Each structure stands twice: as C-alpha cells, then as structure tokens.
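Chemist:
4 protein chains.
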Amino acid sequence: MSASSPTRYAYLGPEGTFAEQALITIPAAEQGVRIPARSVPEALDAVRDGSVDAALVPLENSIGGQVGVTLDELASGHELVIVREVVIPVQFVLAAGPGLTLGEIDSVVAHPQASAQCRRWLRAHLPGAAVIDVLSNGAAAAAVAAGESPAAICAPIGAARHGLPVLAKEIADHPDAVTRFALVTRPGPPPEPTGDDLTTLAVYISHDEVGALLAVLTELAVRGVNLTRIESRPTGERLGRYAFFLDCTGHVAEARVGEALMGLRRICADVRFLGSYPRAAQPGESPVPQPARTTDADFAAATAWLEKLRTGR
Amino acid sequence: MSASSPTRYAYLGPEGTFAEQALITIPAAEQGVRIPARSVPEALDAVRDGSVDAALVPLENSIGGQVGVTLDELASGHELVIVREVVIPVQFVLAAGPGLTLGEIDSVVAHPQASAQCRRWLRAHLPGAAVIDVLSNGAAAAAVAAGESPAAICAPIGAARHGLPVLAKEIADHPDAVTRFALVTRPGPPPEPTGDDLTTLAVYISHDEVGALLAVLTELAVRGVNLTRIESRPTGERLGRYAFFLDCTGHVAEARVGEALMGLRRICADVRFLGSYPRAAQPGESPVPQPARTTDADFAAATAWLEKLRTGR
Amino acid sequence: MSASSPTRYAYLGPEGTFAEQALITIPAAEQGVRIPARSVPEALDAVRDGSVDAALVPLENSIGGQVGVTLDELASGHELVIVREVVIPVQFVLAAGPGLTLGEIDSVVAHPQASAQCRRWLRAHLPGAAVIDVLSNGAAAAAVAAGESPAAICAPIGAARHGLPVLAKEIADHPDAVTRFALVTRPGPPPEPTGDDLTTLAVYISHDEVGALLAVLTELAVRGVNLTRIESRPTGERLGRYAFFLDCTGHVAEARVGEALMGLRRICADVRFLGSYPRAAQPGESPVPQPARTTDADFAAATAWLEKLRTGR
Amino acid sequence: MSASSPTRYAYLGPEGTFAEQALITIPAAEQGVRIPARSVPEALDAVRDGSVDAALVPLENSIGGQVGVTLDELASGHELVIVREVVIPVQFVLAAGPGLTLGEIDSVVAHPQASAQCRRWLRAHLPGAAVIDVLSNGAAAAAVAAGESPAAICAPIGAARHGLPVLAKEIADHPDAVTRFALVTRPGPPPEPTGDDLTTLAVYISHDEVGALLAVLTELAVRGVNLTRIESRPTGERLGRYAFFLDCTGHVAEARVGEALMGLRRICADVRFLGSYPRAAQPGESPVPQPARTTDADFAAATAWLEKLRTGR
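These protein sequence lines are chains A, B, C and D, in that order. Those letters in the first sequence? Residues 763 to 1075, per this note's numbering, in order. Those letters in the second sequence? Residues 763 to 1075, per this note's numbering, in order. Those letters in the third sequence? Residues 763 to 1075, per this note's numbering, in order. Those letters in the fourth sequence? Residues 763 to 1075, per this note's numbering, in order.
1) Compare the C-alpha of C/PRO927 against each of C/VAL845, C/THR863, C/VAL802 and name the closest.
2) Could you spell out the range, first to last residue, of the beta strand (DSSP E) harbouring A/PRO798?
3) Please identify the residue among D/PHE1061, D/LEU821, D/ALA781 whose C-alpha is closest to the C-alpha of D/ASN1017.
4) What residues of chain C sit near B/PHE1035, judged by a beta carbon separation below 8 Å?
5) Quick one: any contact between the segment 878-888 of chain A and the segment 901-910 of chain A, if contact means 3 or more CB pairs under 8 Å?
6) Which stretch, first to last residue, makes up the beta strand (DSSP E) that contains B/LEU963?
7) Quick check: the Cα distance between B/GLU804 and B/ARG985, rounded to an integer number of angstroms?
8) Going by beta carbon distance, what residues of the same chain come within less than 6 Å of D/ASP958, once the five residues before and after it are set aside?
9) Could you say which of B/PRO789, B/PRO851, B/ALA944, B/ARG1055 lies nearest to B/PRO1045 if we only look at CA atoms?
10) Anything in chain A within Cβ reach of B/GLU1021, meaning under 8 Å, just list it in chain order.
11) Which of the residues in the segment 931-944 of chain D, read from start to end, lie with their CB under 8 Å from any CB of chain C?
12) Residues of the segment 965-997 of chain B in Cβ contact with chain C at a cutoff of 7 Å, in chain order, please.
13) Where does A/SER968 land, buried or exposed, given buried means 16+ other C-beta within 10 angstroms?
14) Which of the three DSSP states, helix, strand or coil, is assigned to D/PHE854?
15) Provide the residue span of the beta strand (DSSP E) that contains B/ASP807, from first to last.
16) Would you say the segment 1019-1037 of chain D touches the segment 1058-1075 of chain A, given that touching needs at least three Cβ pairs under 8 Å?
17) Cutting at 8 Å between CB atoms, please list the residues of its own chain near B/THR1065, excluding the five before and the five after it.
18) In the structure shown, what three-state DSSP assignment does D/ILE919 receive?
19) Threshold first: 4 residues or longer. Then list the alpha helix (DSSP H) segments lying entirely within the segment 820-878 of chain D, N to C.
20) If the cut is a Cβ gap below 7 Å, which residues of chain B does C/ILE844 touch?
21) Measuring CB to CB, does D/VAL896 end up less than 8 Å from D/VAL871?
22) With a cut-off of 8 Å, does the C-beta of A/PRO951 fall near any C-beta of chain D?
23) Give the C-beta separation of D/LEU842 and D/LEU806 to the nearest angstrom, bearing in mind that I take them to be a contact with Cβ-Cβ under 8 Å.
24) Since B/ALA1064 meets chain E, which of its residues come closer than 7 Å, beta carbon to beta carbon?
25) Using C-beta distances below 8 Å, list every residue in its chain close to B/GLY890, excluding the 5 sequence neighbours before and after it, in chain order.
26) To the nearest angstrom, report how far apart C/PRO951 and C/GLY1012 are at their CA atoms.
27) Is it true that the segment 913-930 of chain D meets the segment 778-788 of chain D, where meeting means three or more beta-carbon pairs spaced less than 8 Å apart?
28) Run through DSSP, which three-state label would A/ALA907 get?
29) Hey, is the segment 986-997 of chain B in contact with the segment 1027-1037 of chain B, meaning 3+ C-beta pairs nearer than 8 Å?
30) State the start and end residues of the unbroken beta strand (DSSP E) segment that holds B/LEU888.
31) With the cut-off set at 8 Å, would you say B/PHE854 and B/ILE933 are in Cβ contact?
32) Work out the CA separation of B/VAL819 and B/ARG800 for me, nearest whole Å.
33) Where does D/VAL795 land, buried or exposed, given buried means 16+ other C-beta within 10 angstroms?
34) Compare the C-beta of D/ARG1055 against all C-beta atoms of chain A and say whether one is closer than 8 Å.
35) Could you please tell me which residues of the segment 806-829 of chain A, in chain order, have their CB closer than 8 Å to any CB of chain B?
36) Can you pull the chain A residues whose beta carbon is under 8 Å from the beta carbon of D/ASP1060, in chain order?
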C-alpha cells in the first residue's frame, strides 16, 4: 500500500456477505474495484500475484473465534502484511420470500454458524421451522431469491442485494457480536504509527523446550508490550506442534516493539511479521495505555547512556 | 463413568464419519449402543440429560486445528469431563458410483475441510473435476450412494457403510494427519493415574490485568507442569475476551498438578476442570518426562518438613 | 521460648554497647539475667548448650549493613530460630574525661564503624583531633574511663555505665540510623501470627543452574510472599558460592508462606528456616499489605475445590 | 587508564597486607609507584583527585564475604570504574619474634577476621595462647617486629617485610580461601572484551514496587546475561532500603549486555556502571558458557531483520 492507495480489492465472497459490508467502510475501497473471491486462499493469492492491490479477509469473530484458514494462509506462502483492521457488527436478519409473514415460515436456510448464533430467536419465534444448512450467508439469501426456500438468515447486505423483505432485524443472540477483518497487501513500509496500533506476528517455537511459550510472553512483557490476543494453529506436522498468532499493542516503528521483536527473533524457531496497523477501537474503548518507562524517549535516553559507558564518555 | 463402564454412546454423526471410526476403537463402545448425534451440542446434551452414558466428540485436527464448538460446549452448561482421548489417522479416500473409473469423474462432493486437505491430489489426478461443497464427510458418501454425485471424498468407513467402490486411498496432502477425539461423561472420580496423563482446563482471566496469561503459565511452570496445548476461544462478550483451554501434563491426583490447579483457581477469574485422562501417545512418542523435584514423593517430603517447622518438631 | 519465657539472656557484649541497650527494651529481659558474650558465636553457643534461654545478636545496621558473623552462625551448627526482632536507634555521643571541654580534646577513640558514621561531625567540631581505632564501642568508653584517652565516640549506655560526661549527643551523620537485633532461641513452636510478621530463611542454590536465584524469587512471588531483604554470604567453598538470607513477609503458619517454603525446599539445594516473628515496625511504617487472593481463606477455598475434583464430588 | 597504563597506584594499606601482595601481581604496578592508603575511602579519593592513577581495594573474601566499605564508596561520590580484578589466596602464617619456638608462644596478635579464619589451627597448636585483637594484618606483623607481642597471624608478605621468622604456614581453616580485589580508575573506555568478562553494576530499585528485584533479574535473564554475584548494601535512608551490587557475565561492549543494561536503566530508580573487565578465572575454572542465541552475531541478525520490517525492505 506504498505510494498510492490500492484501487483493486479482493474480498471473501460471495457478494452480499459481511466481508463486502466491511470493505465498503473503507473510503478508497468504496470508490475502487471490488472483486469477490471464492475463498480466503483465492483472495490472498490475488494479492500475491498482483491481480489486486489488497484483500479483505476475516480474522476472527467474537462468537465463532479464529478464522483458521486466514491465519494459515497468512503464515505460509509469500509474505503478506496487514495494513488495516475493520471491525463490523454481525447483525443477522430474517429475509423471506415476497409477501410471506412470519407465521407462514416453515423452514429457514442458514450457514451453520449463523443459525447457531440465532438459536434463541429461532426457538422463540419459529419453534416449528426446520433449519437447513447452506455453505455461506450469501448462499442463504440467494436460495430465497431463487425460490428454493421461504426464508433465510443472512446479513442485511444480502437481503438488500436480492431485494428481499426483512421480517426481523438483529435476531442474533449476542446483539454485540462483531467480526474483525484484515486488509492485506504485499509487504511495504507499514502505515505511520498513530499511538494506538497493533502488531500481528506468527511465532514458531521449538517444542523440545519446556516453557517456550512462557519465554515468548516474557520477551513481550519485559519491553512493556501487551498481548491482546493469542491463537494457536497446528503446523500440520503432528498434533502438539503449533504456530502462535499474537496481536501485540504498539507499532514496529516503536523502540519497545522493535526490541521485543528482535528478542522473539532470537529465541524462536521462526517469527513472521504480519503487520503493524491502527487499532480499530470498538465503541466505548479507549487506547491501550502504554506501560511506564517504555516510550521511545525512555529507550533513547537509555541508548545515549549506554553509548557513554561504552566510549568512556 | 462411575461404577460400571458406559454402555450407551453418542458420537458426532452422521454415521460413516471419522467419529464413528474413532468410537469403535474403544472396546466397550464397540460392544455397546452407538447413537449418532446431529451436532456436538446434541451429543453433549445427551450426556447431560442422562440419555447416554458418554459421548465422543472431536477436539482438534492436526491440519484444521481446534474444533471450536466442542470447546465452547465443554466450557458452558452443566459440567462434563473428559475421561479418555482417542487419536485416529484421517485418511481420505475417493469413493465413486458403481462401475466408474477415475477418468469418468467430472465432479466430486466433499466437505470443504476435506477437499482443502486433498488439494494437491485433486490437482494432480482430477484437474478438471468440479468440487461441490457439502456439509459433512458422511453427507458426501451418502450423496454418491443416492446417485446425486459421481464421486466423494470421504472417510474409509463412509465408503464401506454405503458399499461404494474406492478409487483411491490415502489421498490427503498430509499423510500423517490425525484427529483427536474426547470421550466425555458426567463428572465423577477421574480415571486412575497412569504416569502419562493429561489434564484439560478452561481458564478465564481478568483482562484488566497486564500479564495475566504470563501469570497463568508461571503457575504451571513453577510446579513443573508442562503445557502441551493452548487454545483460545472468544467468550462472546466482545472482541479481546477469551477463555483459554489448556492441556497440561499430569493428573489431578498428582501433587504438582493439584497445587498448580489451586494456584490457577486463586488467580483466575474462573477455572473449569475438564478432566484428567491417559495420554494417547502417537506412534513414536514417549511419555512426557516429568521435571526433577516434582514427584509426589518430593511434595510429601516438603509437606513433612513444613509440618515440623510449624509445630517446632 | 517454648512454655515459659526465657529468664537467662546472652547478648553481644561488652556491657555498655547497643546490644545491651536493645535487650533491656524487652520486658522479660529487663527483669531476667543478662550475660554479655565476647562474640556472636559465644552468645549463640550459649543458647545451643542450654546455658542461656535466648541470645540477642545484631543482624544488620542501616548504615553498615549485614552483620556477617551472625548470619554465618545462624546458618551453621545446630538449628536456632529467631523469635523476635528489636530495632533501636544508633545515636552516638561524644563522652569525655571529667572536666574536659570540647576545645581541649585532641584525640578520640572509636570503633572504626562509629567514627565512619560520625565523619561529618568530627570534621566540623574536632577537625584537628586524631581518631584512634578501638575494637568496640564499649572499649572506647572504657578507654576514657581508664584515662587512656581524653574522649570516645560511644553509645549513650556506654557513657552512662562509666559515669562519663557527654560533651555532644546525636553526633552521627545519619540521625535516623538504626540497628536491628534478633532474639534467638532453640527451635520450638514459633510465636503466634500477628498479621504483620516476617519469616527469615537461609537458602542454598545449586550454582550449576542458570537462573537459580530467579527461580527462588519466583517461588515467593507466585504465592504473594514479598521479599523485604536479601543478603548473600559466601559458603566458604570458593568465590561465587553463596547462601542467601531472605526476609519474607508473612508467617510460616500462613498457607501462602507454607506453600512458598515447600516450593523452595523442593527446588533449592538446601533451605534452613530461621524463624517467623512479629515485624518491629519502624516509626511511620504501616503493615506490609498482603497481595490479593493469598489469604488463608483463599487457599482453603482452593483446597476444597481441588478435593471435589479429585473425588468427583 | 586511558592512553598509557597507570604508573601511580594506591592500595589498601598498611604495607605488608594482602592488598600489597595482590597489587604486585600486576606487572605495571610491580614496576610503578605503590602508595599505601589508610582506608578504602582514602585510596579511592586518591584516584578521584588524580593523585594516583589507580587503586587496588578488596571487594570480597571467600570466607568473610563482602567488603561493605568498598561497595559503599564505589556507589557514592564521583564515578569510578573497575578495570581489572585480582584474586589471590589468603594463606595465613604464624610469624614470631626472633629465636622463639612454637612452645614458647603464650599470646598471638591478629586481626579478628584472621584469627577467626585460623580458629581450628589455634585450638590444635596453641590451645593455651591468648589471642589479642588488632586492627589489620599489617599491624599484627608490625607489633611483633616492635617487640610488643611474641607472635602474629599475618600475610606472608607481612612476615617478609619485617624479616620475621615463620613458625607455621597455611594455617587457615579453609586452605582455599581467596580474596578478590578490584583495580579502580577514573571512567574511561573499558578494557577490550576478551570473551570471558564480568560487568559490575550498582542498581537501586523502587521499594514501593512488589517484585522489583525479580524484574531486575528477569531483565538479565531475558538477554542471556548470567548473574555470578549479588550483594545488598543499605542505602542509609532506613532499614529495608538497599542498593544491589551485581556481577554479570559479559562485557558492556557486547550486544546482550548492552541491551540488558538499557533495560535496567529504564526500570530501575538508578543504575551505576562499575566497569567491564576480564574475569580472573580461579584454578580449574573454565569460562562461563554464553547461552545460545545471545552472541553479537545473533543480535546483529535480529537488528538487520527488524530494519527490513520497518522499511518494508
């Protein structure tokens, strides 16, 4: 995302899902070209081969957790970096065929995660309806549009795209559910630090060493770098071999983060840098306070002092 | 699993998937009643309401990672405990309609995780075939049996159950892929320690405290308890709030594990004990060595010494 | 200090030093028999062989630091325990021969530590006087009494005992200097916990292990036991082999201290318990606050919870 | 010790003590001017005011422990640095007046630490002799030379200087006892790294913070810097306020030591650098092995990697 902003964006399709809804919150993407990809790997490969400038893919959901395929794809193949995160509410609606009322709905199509997140609403309002699994939220809306099902649980944008009437809004059990997406580009200079940034890493530890994960967390803690998220993913070698995905407070340009990264680089079997980018604060959240004595000024003072010791003044 | 062994077993269905294949490796289950459940929640609820004695559900896959729904279900609702783990190879086959040869296959049904794990084989042997997503490995085999598709990627047991010819075996990209299942019962006395056990926990930390996860790992390390796995799951409250699932070496009956558990209980917002059970060593694996000075005898000696100090001998 | 209070007390002599002054602050000693010892080893051996019930010996001085011989003697030979600490101000006086004025003093006898602590006063008020080293504060006063020197730096009690005029009071550079003494007995039940106690330990670590001292401090920190003092003493084997003397907050009867002691006992080459006793708070000091979640009630709740897990309720 | 080697040396006198014996093991000092100082402060002040180029003062003894006055003087006043350590055996002799035999000795003068270190020999060979305390080993030899005492416990150099016959050699209870001296200069470029160096620091921690010493040790451990010695000294403010003197493996010019120093500088109330200098290995000792992944090359590789991340390659 070096000189000019990207103009061609891939996103996890199909059209009418939350990924598209998230993408258009980015002004440049709202005005750029948006291309749905059939899968996360396809979206990221499009970045790697240069056919798009950036891709928006889901990282995690506050109910469903990690999106494993995204983590795996970021950790393998040519390096990519996250330059922005987008967090959007996951508000499901019940979209129905034209003219139908709630009392007439005897079956609902839904992605299994969507129906799981609306379980309480379904039990209360459609206790007798059969729930039919489909493979995406977009596919659910499309099935109703095609007349294959009387109703669907889907994203608001899915109903809108197909012109489907919405019988009920905000039907998820957790009204505050959100999904976090990452805007991913080829490596380049990271976005400028804002004072409230995150840095994402994939670290691989040597599993023959007791306490290796403890050592990783200590490298961060000693430099006043907080961990806001840790996910493990299998490396595929065998059970018990994991890569750890860490979200840390701070920006690679900051001294404390830089020193922590170098520490991890030294002690870990491998470290992949996955980007430093502004934190998308959720409503009501304030910036993560930086621990005392870890500012760039603190590091600069210590460096100047060391230089004097080494040269004898 | 108190007095007598369970005789009624639920498992994650449908029939013909890896869960059934895993269940029949347990002799008592091989002779008992086996009931497929439509989902992990359904299987576990059957244990909770007493309609079965135990349920076998997937915990993690060496390629796909955590099975989030299982972790979430174990962490909520009435308490359940793991009494046994079963690890089985995930060897996919290509099952086809009667009389078909590989050259005649122009489309394949598969669960998306299954087709992802066989990507290289598909590219090499069926480069022109369309891949149609279905919702489970069992459903893939059933679709071929029903004549809805010429071929399916499925488990060996799925092909066998429907009497489908197998055109290719061991087609997964990672030939050593395994899935780990847990046999779950209502709480009761844990299985006897064997000297090579695991203890599974769900811990909730207070996220207002910096370094809370570091403190959790330190409680374990100080007592010589190794961590073999850590998974995070969202608590559903908001992004950044996680439960951590820990697999630790050792058995709750051991002094070192007991003291570590009590330490976690004191410092964590909540701890849920999810069972101590024999480790299912994978081929070529030896027992995890116990750190020096952490045997029950070491703890007993220290306890006796303390008692003398407190009473003045 | 088992059943009845001690009635025969040894203290580090000679008469007229700070140790005697400290001893008579203990009511029972004020009424008991007080016997000066020529050295710390002699005082402690008198406890060991039963010729006295207790001995008062110096532990540290806020200016001069550790009293090495006391630490060494407590760590070797038959075990002894501290049952009480006494902290007294170290206020030096200038005592002179009868009839002399400050202007007539051309030389001063003093223990080297005493003259070091009064350096500024001497420079200001007796810039021309020679300072002659003697071997104790008591010997300094005695030398003036014997007419061997015109003046001495000594303890108030030393001047009083010999009936020497005091030409100047509170002449130490640090007006707040204090010495801390320990009342030592043969092992027995420790004094009752008061809620503001100290526990003193001597720990020996294996010096072939990197980070052994870090491990010791971690055992304490994990149980919420604070360290208020750490001293190292050579073990005599060779340079680089030390015993560490630790003063910790809390009483051996408390659960957190007990568990920490057991942890040290397991990981250290050796641990010697040197007593739990009430902290002698200095003026203006408040009790050391106990970290959250480390009360005996917290430990009891965790123990009860563990018991339920182990028995299956 | 900048450009040319020092030519004027102070040492802790009087003549004929172990400090002089240690000083002449340094070739440049053997040929330079050697000036006895009456005290450690006097020796160090002579360096500070430029009247000598360097001073040799005792740091610790393998039996008696820390030399508190040296530590206190190094930590206060104008900064000084250690440029060399000298470790010499402390072998006491019994020196006597001319013509006397062991059977004729009825009293012995000795510094209290010297007689303490020869207790067993005295009990075995001179059980009836009175032991008279004097203020230094040099003073003991001088007293015999002056005819004031029939015999003295002193250093070999003390007997030689006064031409006293030696009735018994190596009379110390610990035949391997050693004293460690420091050669101290005004600040300047430290000696070149040798691959087996020590770095000495005085650190002051904020005592309102729980676990502050644990944090100090963690800063070192994280960078693979071992601690070979830790001493505490009172700061003089009040009981419970200490400065810690640390000897660490490695040289300030090394990356790992530099980063650890900067870490301490950031988290401690104050840090005083007291020098990097070659370790004086004791007989049979090998260099302290450097932990894996902490070489300057490891740090340089990590720095280069970080630079690439920050610039986007």
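We treat Cβ as the ideally placed atom computed from N, Cα and C, and that holds for glycine. These numbers come from a predicted model, not from an experiment.
Modeler: In terms of the structure at hand:
1) The residue given as residue 927 of chain C occupies position 165 in the third sequence. Out of C/VAL845, C/THR863, C/VAL802, C/THR863 has the C-alpha closest to the C-alpha of C/PRO927.
2) Numbered from its first residue, the first sequence carries residue 798 of chain A at position 36. Note, A/PRO798: beta strand (DSSP E), 795-799.
3) Start at 1 with the first residue of the fourth sequence, and residue 1017 of chain D comes out as number 255. One point to set straight first is that residue 1017 of chain D is Ala, not Asn, in the sequence displayed. Looking at the Cα atoms, D/PHE1061 is the closest of the given residues.
4) For this step, residue 1035 of chain B is matched to residue 273 along the second sequence. Within chain C, the residues near B/PHE1035 are LEU1071.
5) no
6) Taking the first residue of the second sequence as 1, we reach residue 963 of chain B at position 201. Here the beta strand (DSSP E) through B/LEU963 covers 959-966.
7) If you number the second sequence from 1, residue 804 of chain B lands on position 42. If you number the second sequence from 1, residue 985 of chain B lands on position 223. Straight-line Cα distance between these residues: approximately 37 Å.
8) Here residue 958 of chain D corresponds to residue number 196 of the fourth sequence, with the count starting at 1. Excluding residues within five positions, the ones whose Cβ falls inside 6 Å are ARG1041, PRO1049.
9) Walking along the second sequence from the start, residue 1045 of chain B turns up at place 283. Comparing Cα positions, the closest option is B/PRO851.
10) Translated into the one-based positions of the second sequence, residue 1021 of chain B becomes position 259. What B/GLU1021 touches in chain A, judged by beta-carbon distance under 8 Å, is nothing: the nearest beta carbon there is about 17 Å away.
11) Flagged, chain order: HIS936, ASP938, ALA939, VAL940, ARG942.
12) THR980, GLU981, VAL984
13) One-based indexing of the first sequence puts residue 968 of chain A at position 206. With fewer than 16 other Cβ atoms within 10 Å, it is exposed.
14) As a working mapping, residue 854 of chain D is identified with position 92 in the fourth sequence. Residue state, collapsed to three classes: coil.
15) Here residue 807 of chain B refers to the residue found at position 45 of the second sequence. No beta strand (DSSP E) holds B/ASP807; the alpha helix (DSSP H) holding it covers 802-810.
16) yes
17) Locating residue 1065 of chain B in the second sequence gives position 303, counting from the first residue. Contacts found: none.
18) As a first step, residue 919 of chain D is located in the fourth sequence; it is residue number 157 there, counting from the start. Correct three-state label for D/ILE919: helix.
19) 830-837
20) Locating residue 844 of chain C in the third sequence gives position 82, where the first residue counts as 1. For C/ILE844, no chain B residue has a Cβ inside 7 Å of its Cβ, as the nearest lies near 13 Å away.
21) For the purposes of this step, residue 896 of chain D is taken as residue 134 along the fourth sequence, with counting starting at 1. For the purposes of this step, residue 871 of chain D is taken as residue 109 along the fourth sequence, with counting starting at 1. Their beta carbons are under 8 Å apart, which means D/VAL896 touches D/VAL871 by this criterion.
22) Here residue 951 of chain A is taken as the residue at index 189 of the first sequence, counted from 1. It does: the Cβ of A/PRO951 has a partner Cβ on chain D nearer than 8 Å.
23) Sequence index remark: in the fourth sequence, residue 842 of chain D carries index 80 (1-based). Sequence index remark: in the fourth sequence, residue 806 of chain D carries index 44 (1-based). Their Cβ separation, rounded to whole angstroms, is 6 Å, which keeps D/LEU842 and D/LEU806 in contact under 8 Å.
24) In the displayed structure, chain E is absent; the protein chains listed are A, B, C and D.
25) Against the second sequence, residue 890 of chain B aligns to sequence position 128. These residues qualify, in order along the chain: ASP868.
26) Against the third sequence, residue 951 of chain C aligns to sequence position 189. Against the third sequence, residue 1012 of chain C aligns to sequence position 250. Approximately 16 Å, taken between the alpha carbons.
27) yes
28) On the first sequence, position 145 is the one that residue 907 of chain A refers to. Here A/ALA907 sits in helix by DSSP.
29) no
30) In the second sequence, the residue the question calls residue 888 of chain B occupies position 126. Careful: B/LEU888 lies outside any beta strand (DSSP E) and carries neither H nor E.
31) What you label residue 854 of chain B is simply residue 92 of the second sequence in a count that begins at 1. What you label residue 933 of chain B is simply residue 171 of the second sequence in a count that begins at 1. Contact flag set, yes.
32) On the second sequence, position 38 is the one that residue 800 of chain B refers to. On the second sequence, position 57 is the one that residue 819 of chain B refers to. The alpha-carbon atoms of B/ARG800 and B/VAL819 are separated by roughly 11 Å.
33) Indexing the fourth sequence from 1 puts residue 795 of chain D at position 33. The residue in question, D/VAL795, is exposed, as its Cβ has fewer than 16 Cβ neighbours within 10 Å.
34) On the fourth sequence, residue 1055 of chain D is found 293 positions in, with the first residue counted as 1. It does; some Cβ of chain A falls within 8 Å.
35) Within the segment 806-829 of chain A, GLU822, ASN823, SER824, ILE825, GLY826, GLY827, GLN828 place their CB atoms closer than 8 Å to a CB of chain B, listed in sequence order.
36) The residue given as residue 1060 of chain D occupies position 298 in the fourth sequence. Ordered by position in chain A, the residues that pass the 8 Å Cβ test against D/ASP1060 are ARG1028.
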